[in-house]
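Going down the list, the protein sequences come from chains A and B.
Adding 85 to a residue's 1-based position in the first sequence gives its number in this note's numbering.
Adding 85 to a residue's 1-based position in the second sequence gives its number in this note's numbering.
Every residue gets a Cβ at the ideal spot worked out from N, C-alpha and C, and that includes glycine.
There are 2 protein chains.
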Amino acid sequence: MLENTERTELSSLGEFGLIKHLTQFIEIVNESTIKGVGDDAAVIDFKGKQTVISTDMLVESVHFDLAYTPLKHLGYKAVSVNVSDIYAMNAVPRQITVSLAISSKFSVEAIEELYSGMMLACHKHKVDIIGGDTTSSKSGLIISITAIGEASPEDLIYRNTSKEGDLLCVTGDLGAAYIGLQLLEREKKIFMESPNVQPDLEGNDYIIERQLKPEARKDIPVLLQKLEVKPTAMIDVSDGLASEILHLCTDSGTGCNLYEEKIPIDPAAYNTAREFNLDPTVCALSGGEDYELLFTIDQSDFPKIKANPDITVIGHMTAKKDGVNLITKGGTSTPLTAQGWDALLKK
Amino acid sequence: MLENTERTELSSLGEFGLIKHLTQFIEIVNESTIKGVGDDAAVIDFKGKQTVISTDMLVESVHFDLAYTPLKHLGYKAVSVNVSDIYAMNAVPRQITVSLAISSKFSVEAIEELYSGMMLACHKHKVDIIGGDTTSSKSGLIISITAIGEASPEDLIYRNTSKEGDLLCVTGDLGAAYIGLQLLEREKKIFMESPNVQPDLEGNDYIIERQLKPEARKDIPVLLQKLEVKPTAMIDVSDGLASEILHLCTDSGTGCNLYEEKIPIDPAAYNTAREFNLDPTVCALSGGEDYELLFTIDQSDFPKIKANPDITVIGHMTAKKDGVNLITKGGTSTPLTAQGWDALLKK
């Protein structure tokens with residue numbers, strides 16, 4: 086874990102001093118950023134393209150636990166989860182605003198760590214930090230980020246445009262972020278009970294990283310364009326596969342058959358889930374935080390994507406009256422429900 | 086104060102239920118809002134105009150005290166302070182996103198009150214709520230709003246374009262919001278000590294309203310256009326007149342002479358400040374939250390604005406080397422410093 090020998094109190098800089106300190110190394114990389122930090126508002130010019138805007142808030146002790154979340158990773162994740170929404174519209178993220186509420190338990194050095202993680206993610210996604218707000222909080226850290234992107238109207242992909250017969254596809258694999266969280270929670274508990282025991286996270290790098298440092302799928306809109314496939318609908322997997330499928334179906338007015346055996350789960354994640362007595366399928370359905378892209382394509386596009394290792398067909402859209410169903414490995418059909426984390430019962 | 090007989094727990098609706106419940110009555114009023122709430126991101130089309138973006142965060146016990154702030158007023162204020170930044174760019178606000186972190190002490194009815202105040206302000210400014218995030222907090226309420234507006238590049242007014250010789254102007258009057266806060270704090274203290282004593286706020290409606298329900302100056306960009314005056318620089322007064330003047334001067338590379346006797350202060354606010362043993366000028370300089378517009382104009386535009394009761398000339402811009410000075414009523418010149426609220430010493 087991070088150890089800072091220096092500790093500068095936030096109060097020594099003040100709000101304007103802190104903003105100046107944190108934003109001094111920002112270099113604008115996008116032509117569309119006309120004015121960044123430093124006025125009443127930022128100014129953007131997408132030259133006739135449409136503007137895409139999404140916002141997410143991360144709250145300490147609700148969305149993250151600083152006992153096992155390095156601040157640099159947290160900053161990286163906060164940006165990733167926001168730009169993920171922009172990619173899910175098939176748009177290109179260009180700018181973010183960052184608002185922070187910070188309690189006095191944090192030092193300037195700690196906030197620098199957080200900011201360096203955000204800058205790293207911004208660099209990766211070629212995104213400019215163009216503004217924000219910095220204020221104090223009575224308890225803990227709150228991060229509110231708004232991501233802004235651009236797209237031509239004809240490129241945008243919404244949630245409500247799937248149709249019966251479309252194939253349901255997902256990128257990467259699912260469930261690992263939730264399983265990574267279980268590992269981190271277990272090690273925290275052990276550490277609280279016996280502070281001298283070193284954490285045993287060996288061999289679990291991938292799972293841990295899925296939780297602490299998720300990657301928004303910047304590559305997928307590019308890949309789809311290369312494959313000449315335009316999905317009929319798209320959404321990112323932030324709340325779990327089940328919840329996102331239900332969004333697609335409700336908004337598009339369709340049903341869906343999802344095949345359990347097709348859901349892509351990383352082998353290491355699978356084994357760790359079993360160790361925890363968790364059903365890996367349930368982790369994929371209800372765990373969330375995978376930040377993969379879920380989309381539907383016309384059946385005629387199947388040949389274009391079938392050989393791609395990054396895309397898995399996991400089901401197909403049906404008529405609304407047929408409902409949204411999980412076809413289990415045993416061949417039975419059960420209605421899919423969005424349970425969220427609370428319902429992740431051990432079995 | 087508000088009394089709700091009903092209390093519905095937030096947990097009974099869940100995140101998606103709450104969002105649906107709160108956003109069901111949103112009616113989109115702007116043509117530029119292509120897609121509002123309900124997808125990964127909202128979509129906006131300003132048809133070639135530039136996009137202006139600003140964000141502000143309000144934190145319970147830091148920015149507001151629910152002991153004397155009705156939630157409806159708070160919602161109204163949260164929107165006002167954000168669109169104020171858009172007007173300060175001489176742009177037109179069109180959309181906002183709203184992120185809320187809410188602790189379980191709040192009921193659904195309480196959040197409805199908050200939302201109704203936001204909707205009222207949105208209606209006033211013809212702004213669409215196009216998205217946001219709703220999450221739980223461990224303590225209190227946090228409101229993060231991002232306001233989005235549009236402007237033609239030639240209409241935008243920045244902070245860094247004042248020049249030597251320009252006249253410094255401000256709208257409305259200053260200091261009342263801070264003095265209103267002192268009144269509310271006093272009544273809270275009396276109430277805590279003797280709960281049966283009714284609050285004595287009579288005759289202080291204006292001052293109280295300046296604190297609880299500030300109005301963003303939607304009318305000023307329209308007025309300036311009518312008067313055919315384009316300010317050379319503009320900023321809104323959120324942190325106090327001194328702080329904003331220093332921003333203008335630092336960013337524009339000028340000095341300034343501000344005349345104490347010219348600073349517009351409401352007579353009732355003046356008298357109440359004296360009652361509290363506060364210097365009304367210091368309240369105007371360092372109180373903040375007035376949400377008036379501060380701008381500079383070319384001297385040749387003076388005849389166009391001089392008869393307007395809503396605009397007061399309070400000083401003029403000088404060479405950088407001459408510094409930023411307050412010329413007191415006694416005629417002495419003292420360097421202006423941005424002290425913020427902490428420094429509001431009783432005299």
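### Task
Would you tell me roughly how many angstroms separate the C-alpha atoms of residue 280/B and residue 150/B, rounded to the nearest one?
The residue given as residue 280/B occupies position 195 in the second sequence. The residue given as residue 150/B occupies position 65 in the second sequence. When rounded, the distance between both Cα atoms is 17 Å.
### Query
Should residue 387/B go down as buried or exposed, given a rule of 16 or more other Cβ atoms within 10 Å for buried?
As a working mapping, residue 387/B is identified with position 302 in the second sequence. Counting Cβ neighbours within 10 Å, residue 387/B comes out exposed, since fewer than 16 surround it.
### Task
Give the straight-line distance between the Cα atoms of residue 249/B and residue 242/A, rounded to the nearest whole angstrom.
Taking the second sequence and counting its residues from 1, the one referred to as residue 249/B is at position 164. Taking the first sequence and counting its residues from 1, the one referred to as residue 242/A is at position 157. Roughly 51 Å separates the two Cα atoms.
### Task
Taking a Cβ distance cut-off of 9 Å, strictly less, list which residues of the region 204-225 of chain B are near chain A, in chain order.
215, 216, 217, 218, 219, 220, 221, 222, 223, 224, 225
### Message
Taking a contact to mean a Cβ-Cβ separation below 7 Å, would you say residue 262/B touches residue 375/B in this structure?
### Response
Walking along the second sequence from the start, residue 262/B turns up at place 177. Walking along the second sequence from the start, residue 375/B turns up at place 290. In this structure, residue 375/B lies closer than 7 Å to residue 262/B by Cβ.
### Query
With respect to the alpha helix (DSSP H) encompassing residue 327/B, which residues constitute its N-terminal and C-terminal limits?
Locating residue 327/B in the second sequence gives position 242, counting from the first residue. It spans 326-337 - the alpha helix (DSSP H) in which residue 327/B sits, taken as one unbroken run.
### Task
Tell me whether residue 136/A is buried or exposed, calling it buried when 16 or more other Cβ atoms sit within 10 Å of its Cβ.
The sequence position of residue 136/A within the first sequence is 51, counting from 1. Residue 136/A is buried by the Cβ-count criterion.
### Message
For a cutoff of 7 Å on Cβ pairs, would you count residue 244/B as touching chain A?
### Response
For this step, residue 244/B is matched to residue 159 along the second sequence. Answer yes: the Cβ-Cβ gap between residue 244/B and chain A drops below 7 Å somewhere.
### Task
Have a look at residue 368/A and residue 268/A and give me their C-alpha separation to the nearest angstrom.
If you number the first sequence from 1, residue 368/A lands on position 283. If you number the first sequence from 1, residue 268/A lands on position 183. Approximately 13 Å between the Cα atoms of the pair.
### Message
Any beta carbon of chain B sitting closer than 7 Å to that of residue 257/A?
### Response
The sequence position of residue 257/A within the first sequence is 172, counting from 1. Taking Cβ atoms only, chain B never reaches closer than 7 Å to residue 257/A, which makes this a no.
### Query
Would residue 321/A count as contacting chain B if we go by Cβ distances under 7 Å?
Locating residue 321/A in the first sequence gives position 236, counting from the first residue. Answer yes: the Cβ-Cβ gap between residue 321/A and chain B drops below 7 Å somewhere.
### Query
Grouping DSSP H, G and I as helix and E and B as strand, with all else coil, what is residue 407/B?
Within the second sequence, residue 407/B is the residue found at index 322, counting from 1. It is helical.
#### Entry: Reduced DSSP secondary structure (H/G/I, E/B, other) of residue 304/B
For the purposes of this step, residue 304/B is identified with residue 219 of the second sequence, where counting begins at 1. In this structure, residue 304/B counts as helix in the three-state DSSP scheme.
### Task
Mark residue 318/B as exposed unless 16 or more other C-beta atoms lie within 10 angstroms of its C-beta, in which case mark it buried.
Your numbering for residue 318/B matches position 233 in the second sequence. Result: buried.
### Message
I'd like the span of the alpha helix (DSSP H) that includes residue 223/A, first residue to last.
### Response
Indexing the first sequence from 1 puts residue 223/A at position 138. Careful: residue 223/A lies outside any alpha helix (DSSP H) and carries neither H nor E.
### 7 Å CB neighbourhood of residue 92/B in its chain, flanking five on each side removed
Along the second sequence, read from residue 1 onward, the residue named residue 92/B stands at position 7. Cβ neighbours of residue 92/B beyond the five flanking positions: 192, 194.
### Closest by C-alpha distance to residue 143/B, when choosing among 313/A, 340/A, 218/A, 390/A
Start at 1 with the first residue of the second sequence, and residue 143/B comes out as number 58. With distances taken between Cα atoms, residue 143/B lies closest to 218/A.
### Task
Tell me, to the nearest whole angstrom, how far the beta carbon of residue 324/A is from that of residue 126/B; I am working on the premise that it is less than 8 Å.
Sequence index remark: in the first sequence, residue 324/A carries index 239 (1-based). Sequence index remark: in the second sequence, residue 126/B carries index 41 (1-based). The Cβ separation is near 15 Å, so there is no contact.
### Task
Please list the residues of the region 103-134 of chain A that have a C-beta atom closer than 8 Å to any C-beta atom in chain B, keeping them in chain order.
119, 120, 123, 124, 125, 126, 127, 128, 129, 130, 131, 132, 133
### Task
Please look up how many angstroms separate the CB atoms of residue 186/B and residue 228/A, rounded, as I've assumed it's under 8 Å.
The residue you call residue 186/B lines up with position 101 of the second sequence. The residue you call residue 228/A lines up with position 143 of the first sequence. No, residue 186/B and residue 228/A are not in contact; Cβ-Cβ is about 10 Å, not under 8 Å.
### Query
For residue 307/B versus residue 377/B, is the C-beta distance shorter than 7 Å?
Against the second sequence, residue 307/B aligns to sequence position 222. Against the second sequence, residue 377/B aligns to sequence position 292. No, the pair does not count as a contact, with Cβ atoms beyond the cut-off.
### Query
Between the beta-carbon of residue 264/A and the beta-carbon of residue 214/A, is there less than 7 Å?
For the purposes of this step, residue 264/A is taken as residue 179 along the first sequence, with counting starting at 1. For the purposes of this step, residue 214/A is taken as residue 129 along the first sequence, with counting starting at 1. Contact: no.
### Query
Residues in the region 146-176 of chain B with C-beta within 9 Å of chain A's C-beta atoms, listed in sequence order?
146, 147, 148, 169, 170, 171, 172, 173, 174, 176
### Query
What is the C-beta distance between residue 412/B and residue 343/B, in whole angstroms, given that I count them as a contact (C-beta under 8 Å)?
Working through the second sequence from its first residue, we reach residue 412/B at position 327. Working through the second sequence from its first residue, we reach residue 343/B at position 258. Going by Cβ atoms, the distance from residue 412/B to residue 343/B rounds to 7 Å, so yes, they are a contact pair.
### Query
For chain A, is any of its Cβ atoms less than 7 Å away from the one on residue 141/B?
Mapped onto the second sequence, residue 141/B falls at position 56. Answer yes: the Cβ-Cβ gap between residue 141/B and chain A drops below 7 Å somewhere.
### Query
Nearest to residue 220/B by alpha carbon, out of 361/B, 103/B, 371/B, 366/B?
Translated into positions along the second sequence, residue 220/B becomes position 135. Nearest of 361/B, 103/B, 371/B, 366/B to residue 220/B, Cα basis: 103/B.
### Query
residue 274/A lies in the beta strand (DSSP E); which residues open and close that run?
In the first sequence, counting from the first residue as 1, residue 274/A sits at position 189. Where residue 274/A is concerned, there is no enclosing beta strand (DSSP E), although the alpha helix (DSSP H) it sits in stretches over 261-278.
### Query
According to DSSP, is residue 148/A helix, strand or coil?
On the first sequence, residue 148/A is found 63 positions in, with the first residue counted as 1. Of the three classes helix, strand and coil, the one that applies to residue 148/A here is coil, per DSSP.
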